[in-house]
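Enquirer: Pasting a structure below so you can have a look.
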Amino acid sequence: MNKKLLVLSLLLVAAVLMTSCGSAATQAPAVASQPPATQAPTAIPPTPAPLVLKIANTANVTTWDPVLSFSTEAAYMANVYEQLLRINPPGSAQKFTPLLAQSWDASADGLTWTFHLRQGVKFHDGETMNAAAVKKSIDAERDHAGASFIWAPVKSVDVVDDYTVKFTLSYAAPLDLIASSLYGTWIVSPKALDAVAANPKYYDSGVDGGTGPYTIQSYTPDQQIVFSRFDDYWGGWKPGQYDKVLVNIVPEATTQEQMLSGGQVDLAERIPPQDLGNFQNNPNFTVDTEPSFFNYVGFFNTLHKPLDDPKVRQALSYAIPYGDIIKIGAQGLGTQSRGPVPQGVFPWSPDVNQYTYDLAKAKQLLSDAGHPNGGFSINLTYASENDSEAAFAPLIKDSFSQIGVNVTLTPMPFNQQWELAKGDIAKQQDMFLLLYWPTYSDAGSDNLWSMFYGTGDKPPYLNATNFNLSYWKNDDYNKLLDTAIGEEVTNPTDSQAQFVKAMNLLVDQAPGVFFYDTKAAFVIPKSIAGFKYNLNYPFVYYFFYDLHPAQ
Amino acid sequence: MEIDTTVSVPQVESTRTFRHVLAVIARDPLSLASTIVIVLFVLIALFAYQVAPHPDEGAGKTNVSNTMLAPSWDHPFGTDLLGRDMLSRVIIGAQPALIVPIGVVLFAVLIGAPLGAIAGYKGGWVDEIIMRVTDLFLAFPSLLLAMAIASALGRGLDKAAIALVVSWWPWYTRLTRGVTISLKERYFVEAAQAVGVNDWVIIARHILPNTISPVLVQATVDLGTVILAMGGLAFLGLGTQPPAPDWGLMVSDGRTYILNQWWIATFPGIAIFVVVLAFNLLGDTLRDIFDPRQYR
Amino acid sequence: MRQFEFILRRILTSLFVLIGVSIMTFFISRVIPTNAAAMYIGPKARQEDIDRVTKQLGLDKPLPVQYMIYMNQLLHGDLGDSISTKRPVLVEITSRLPASLELLFSGMLLATLIGVPLGVLSARWQGKLPDTGVRAISIMGVSMPAFYLGLLLQIFLFRDLHLLPLAGRVSGDLQFTHPIQPITNFFLIDSLLTQNWIALKDVALHLVLPALTLAAYPIGLIARMTRAAMLEVLEQDYIRTARAYGIRDSVVTYLYALKNAISPTLTVIGLTFAYALTGTFFVEIIFDWPGLGLFTVRSLLAVDYPAIMGMTLLGAAGYVLINLVVDVLQAWIDPRISLK
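Printed below as a string of structure tokens:
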């Protein structure tokens, strides 16, 4: 009897093993591509083990296709791929850093841009980076990138010679800003572009076609990514830079914090803001807070009564406890916004007005608008996965209740919130909370246009981005924005002035609430040096190439 | 007249079991303590708004100046990020975490028990159909089925409750059917049949009242599990939606603050543990007296 | 012969139940949602995508036809593509299965190794202090929410005592120093087969907390059932006879009685597998364990419908199969069962 039991349990185990062997095949390629660890490049004295940087990051990978990429994987793409140029942080001596382009110039009318490419650059797959490769990449991105719309002004891309590319525009646009975008601008090996055209799953096996300092060595979904340095990188390698970068994908900030303090990782991308103090008091770490690309906006549904009345919207804008929202929602890591453009990003201006928290004024405006003591209800939706929104939304509810406006809070997954906002007007939310960031460093043609430029003849006036969720259409605002965007290259000074006018009109009409610009906080161990923050590249908190162990 | 006398027999029988149960509970200190804890928690839940020191904060009103205070005399369980009194949050959170699961089990019994009685009494194809359907439901791990249904219905306490009812009723159908089959042979049922009483009347007046004891025992045993399941759904974000309080949801929120503000997750977690423990201890005793599984 | 018939009958009923399960998931995924196509493809779909999916799923056709299409896709292993990862749901599931199974088996092994001795102890000293102690432990184990227990264990054993790793299945940098060769994708077995002792230690340490958290619930059930089965066996004639012959008490308890109490205990172990299955959901979240539970929960939160339904279907199928295996095992060990 016992023998039977033994035989059966062995059979059971064997069966389970067999089924898992079958599944092993799907994971094998990622791990099998691992090169022997002892192989050391000649420039550096041979070391027994590679120098490894360990990072915890929340960012997930939605695609490894550099053309399609339009999400958090940008954090990794930026270390594997390169653009023609990179925009520097605000306040830098030079506005741009040349990457694959060494120099560039624009015609006076802003319609022709010529880029002179760097020579001797190799893609990770051995192809040569040249004008043809650039044209092929940009053409692919204009055609089907996740962010293809950024190239809208471009009429054609032409190869002038092996290392010169000419862009012809149909209207003047700041192509340098566009070309330095984090999405839809990577220069990709022609071989990879052909391969993915033939097989859409080409990148799934953990290959890449970039020129950047690191290449993808292996990828295990939801778990980890291993990058290893590209020995032939055009920028060269100095002793002390990391050979391998191991990224642990860790969604929970608390877990990241514990991994960092427990020494399991060298860097953690997200620390719970309320725990930053733990590190501020620790001599082994420095805590660095920086402005960011992100801000929180709340859209009033101007198609619903009584939010169609600007006076009511102004009243509600006065009833937002901005200070408390920053204190609670961001743990103090934020500054009250001036319109929808985050500080540090063009065309932000200190001349744009802000609302204060003033309940008396809010009550006055409400009664002017014919709603003494409020008496209406608002359905406010926010993304349940966003902790900050979940934290500060109840503050809005409590504050509005003091002026007699009843708020129903409805947390929902962002996708459902988005679907609701684009659906039947009568069923739409009355107020929509959104964390926003521009696609590239031009919040004039992005934030101001995407979120508030209404198009079309009838409600809901959604524009091409679908982000104008106030469903607001104001001809004066649209005119100001058209002028400002048109003059960005040809007359930057007037362009800025027009943008400021547009923003002040926006703040006055209050189709939305401008809560706060977030700040990013970094906890950097003293053992790591070279950290350079660039707010223009959200999600890319570290360029691995910059970092090295402190001496 | 004859029918009336036969009715009184099972009534006596089930009262006797009930008294017996009470006597055993009263003798066992652990069971007695559990019963007291349960009654206490249910009372607190029912009168949550009267009991809570800060009922408005418990329900969600913010008080920013009190953000994340450690436990003290004023706030024995501390306060959360929005400065809300955690004791009040835990007390008011007892409603979705405790009363709703009781309701879930009640509905599951109301759906499951009659079906089981019908299946057991009628037998044949009626039995076959009902039992095959319950087999299908029982083929899923209950929580997984509840998750799938909750995600199809959308988020919310009401939807989570519906999902749990849908995945729990078949257990009572199965149990009641077993009891019914054993009752069918008993003299009072046969007597009623002999005098030509309608089947439905027999089920309603003779069978169902006699299934109450085993079903009640099973329901008590199950309540702990259902409370855990409800807490689990809330923890995953599929149950109660903020800013309403719920134990599972509070543990989930508190995870972010576990390193420095340990109290935010700790007290709601203890609340779940204590209540479930009480139900399980009581259920354990009840099962010893009266094993409902004998009918499965 | 009887045994064979019984097993055949059980397999047939299991098949029937599996078909029923497919009908249930079909209903939950295609009939309950008001806009099944939109749900299936995700909210950012354009109208033409929705139309395409409506056609592909046959949502414009009568229900029985829709079901046939659904079954046809299922039988071809087509569970659809995950909305969030864009990969086939089946690939997502199979690639995560070994991690979950390793956790599940370790947890159940731990539960058995702790639960059975506790049950024996309890039966041997029935009504005495050990019995009460075991009862308390058992009931506390089944009363503790896994998501809370995991949190507590992390705080004490990682944060305060620095004894065990916080989360994950393996240390990240192990692959640079002692990479695990994937053979079975059960890391414990792989590192054992390749005699990679450093990796084995690392994997084992990572397993302790999640497995323990997962085991808390089954430990209680197994201990209680072992106790009950032991008590029943100890009452029986041949045990009394053995005692009367003066065979030592411990031999009677551990050898004769336990051997005969195995069958009912096995049933409970089988059944608790199902509890453990849903338990892994919470354990995997708390411990960032890269398995099916984490995937399911993320899918739930992202309303990734094809993934949720794929997991539901597979979970149920797994459950049915475990029950089948347990019944068949029992019939083999204890032929009396098939007579019932």
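Protein chains in written order, with the working numbering: chain A, 1401 to 1951; chain B, 62 to 357; chain C, 91 to 430. C-beta atoms are modelled at their ideal positions from N, C-alpha and C, and glycine is treated no differently. Computed from a predicted model, the values in this text were never measured in an experiment.
(1) Could you check whether A:Val-1807 and A:Leu-1780 sit closer than 8 Å to each other, using their CB atoms as the reference points?
(2) Are the beta-carbon atoms of B:Pro-304 and B:Gly-121 separated by less than 8 Å?
(3) Indicate whether at least one CB of chain C lies closer than 8 Å to the CB of B:Met-208.
(4) Whose C-alpha, out of A:Leu-1703, A:Leu-1833 and A:Val-1534, is nearest the C-alpha of A:Tyr-1916?
(5) Beta-carbon within less than 6 Å of C:Val-418's beta-carbon, same chain only, minus the 5 sequence neighbours each way: which residues are those?
(6) For C:Pro-235, decide whether its Cβ has a neighbour in chain A, counting only Cβ atoms nearer than 8 Å.
(7) Taking the Cβ atom as the reference point for each residue, do A:Ala-1762 and A:Leu-1716 lie within a distance shorter than 8 Å?
(8) Rounded to the nearest angstrom, what separates A:Gly-1775 and A:Asp-1758 at their Cα positions?
(9) Using a Cβ cut-off of 8 Å (strictly closer), state whether B:Leu-320 contacts chain C.
(10) To the nearest angstrom, report how far apart C:Leu-326 and C:Gly-209 are at their CA atoms.
(11) Measuring CB atoms only, is the segment 313 to 328 of chain B touching the segment 143 to 152 of chain B, in the sense that at least three cross pairs come out at less than 8 Å?
(12) So with Cβ pairs under 8 Å, would you call B:Pro-157 a contact of chain C?
(13) May I ask you to report which of helix, strand or coil DSSP gives C:Glu-95?
(14) According to DSSP, is A:Asp-1731 helix, strand or coil?
(15) Cβ closer than 8 Å: which chain B residues qualify as neighbours of C:Gly-405?
(16) Closest by CA to C:Leu-311, which one among C:Leu-169, C:Val-224, C:Asn-162 and C:Val-387?
(17) Between the alpha carbons of B:Asp-349 and C:Trp-215, how many angstroms are there, rounded?
(18) Just checking my contact of A:Ile-1538 with A:Ser-1581 at CB under 8 Å: how many whole Å lie between their CB atoms?
(19) Starting from the C-beta of A:Ser-1845, find all residues in its chain whose C-beta is less than 6 Å away, skip the five residues before and the five after it, and write them out in chain order.
(20) Grab me the residues of B:Gln-254's own chain with a C-beta within less than 8 Å of its C-beta, minus the 5 sequence neighbours each way, in chain order.
(21) Quick one: using the 10 Å Cβ neighbour count with 16 as the cut-off for buried, is C:Gly-197 buried or exposed?
(22) According to DSSP, is C:Ser-190 helix, strand or coil?
(23) With a threshold of 8 Å between beta-carbons, can B:Lys-122 be considered close to chain A, or not?
(24) Near A:Pro-1553, which residues of its chain fall below 7 Å by C-beta distance, leaving aside the five closest residues on each side in sequence?
(25) Determine whether the Cβ of B:Arg-316 lies closer than 8 Å to any Cβ atom of chain A.
(26) Three or more beta-carbon pairs under 8 Å between the segment 1843 to 1861 of chain A and the segment 1706 to 1726 of chain A, yes or no?
(27) Output yes or no for whether 8 Å exceeds the beta carbon distance between A:Trp-1634 and A:Gly-1520.
(28) So, are the CB atoms of A:Thr-1890 and A:Asp-1509 less than 8 Å apart?
(29) Cα separation between C:Lys-176 and B:Pro-270?
(30) So with CB distances below 7 Å, who are the chain B contacts of C:Ile-101?
(31) Could I get the ranges of all uninterrupted beta strand (DSSP E) runs contained in the segment 1794 to 1875 of chain A, with 3 residues as the minimum, in chain order?
(32) Residues in the same chain with beta-carbon distance under 6 Å from A:Val-1534, minus the five sequence neighbours each way, listed in chain order, please.
(33) Can you confirm whether C:Val-181, when its beta carbon is compared against all beta carbons of chain B, has any partner nearer than 8 Å?
(34) Output needed in chain order: residues of the segment 281 to 303 of chain B with a Cβ under 8 Å from some Cβ in chain A.
(35) Check this for me: beta carbons of B:Thr-234 and B:Ile-190, under 8 Å apart or not?
(36) Taking Cβ to Cβ, would you say B:Ala-221 is nearer than 8 Å to B:Leu-143?
Expert: In this structure, then:
(1) Yes; because the gap between Cβ atoms is below 8 Å, this pair is in contact.
(2) Taking 8 Å as the Cβ cut-off, B:Pro-304 and B:Gly-121 qualify as a contacting pair.
(3) By the rule that beta-carbons nearer than 8 Å mark a contact, B:Met-208 touches chain C.
(4) When each option's Cα is compared against that of A:Tyr-1916, the closest is A:Leu-1833.
(5) These residues qualify, in order along the chain: Ile-97.
(6) Chain A has no Cβ within less than 8 Å of the Cβ of C:Pro-235.
(7) For A:Ala-1762 and A:Leu-1716, yes; Cβs fall inside 8 Å.
(8) Roughly 19 Å between the two C-alpha positions.
(9) Flagged as an interface residue toward chain C: B:Leu-320, by a C-beta distance shorter than 8 Å.
(10) The residue asked about is misnamed: residue 326 of chain C is Gln in this sequence, not Leu. Their backbone Cα atoms lie some 18 Å apart in a straight line.
(11) Yes: the two stretches touch, three or more of their Cβ pairs being nearer than 8 Å.
(12) Contact of B:Pro-157 with chain C is not assigned, every C-beta pair being separated by 8 Å or more.
(13) The answer is helix: DSSP assigns C:Glu-95 an H, G or I state.
(14) Note on residue identity: the sequence assigns Gln, not Asp, to residue 1731 of chain A. DSSP places A:Gln-1731 in coil when its eight states are reduced to three.
(15) Those within 8 Å of C:Gly-405 in chain B are Phe-201, Pro-202 and Leu-205.
(16) Comparing Cα-Cα distances from C:Leu-311 to each of C:Leu-169, C:Val-224, C:Asn-162 and C:Val-387, the minimum goes to C:Val-224.
(17) Roughly 18 Å between the two C-alpha positions.
(18) The pair is not a contact, with the Cβ atoms about 12 Å apart (cut-off 8 Å).
(19) Answer for A:Ser-1845: Ile-1885, listed in chain order.
(20) By the criterion of a C-beta distance shorter than 8 Å, B:Gln-254 is surrounded in its chain by Ile-263, once the five residues flanking it on both sides are discounted.
(21) Counting Cβ neighbours within 10 Å, C:Gly-197 comes out buried, since at least 16 surround it.
(22) C:Ser-190 falls in the helix class under three-state DSSP.
(23) Put simply, the CB of B:Lys-122 is near chain A, with a gap under 8 Å to one of its CB atoms.
(24) The beta carbon of A:Pro-1553 sits closer than 7 Å to the beta carbons of Leu-1569, Ser-1570, Tyr-1571 and Ala-1573 from its chain, once the five residues preceding and following it are set aside; these are given in chain order.
(25) At a cut-off of 8 Å between C-beta atoms, B:Arg-316 counts as an interface residue with respect to chain A.
(26) Contact fails: fewer than three Cβ-Cβ distances are below 8 Å.
(27) Cβ distance < 8 Å, so A:Trp-1634 and A:Gly-1520 count as in contact.
(28) A:Asp-1509 is positioned such that its CB atom lies closer than 8 Å to that of A:Thr-1890.
(29) Each residue's Cα considered, the two are about 54 Å apart.
(30) Contacts between C:Ile-101 and chain B, judged by CB atoms closer than 7 Å, are missing: the closest CB pair is about 15 Å apart.
(31) With a minimum length of 3 residues, the unbroken runs of beta strand (DSSP E) contained wholly in the segment 1794 to 1875 of chain A fall at 1805 to 1812 and 1831 to 1836.
(32) For A:Val-1534, same chain residues with a beta-carbon under 6 Å away, outside a window of 5 residues either side, are Val-1565 and Ile-1587 in chain order.
(33) Under the Cβ distance rule, C:Val-181 does not count among the residues neighbouring chain B, no pair being separated by less than 8 Å.
(34) Residues of the segment 281 to 303 of chain B whose Cβ lies closer than 8 Å to any Cβ of chain A, in chain order: Gly-298, Gln-302 and Pro-303.
(35) No, Cβ-Cβ distance for B:Thr-234 and B:Ile-190 is not below 8 Å.
(36) Against a cut-off of 8 Å, the Cβ pair of B:Leu-143 and B:Ala-221 comes out as no contact.
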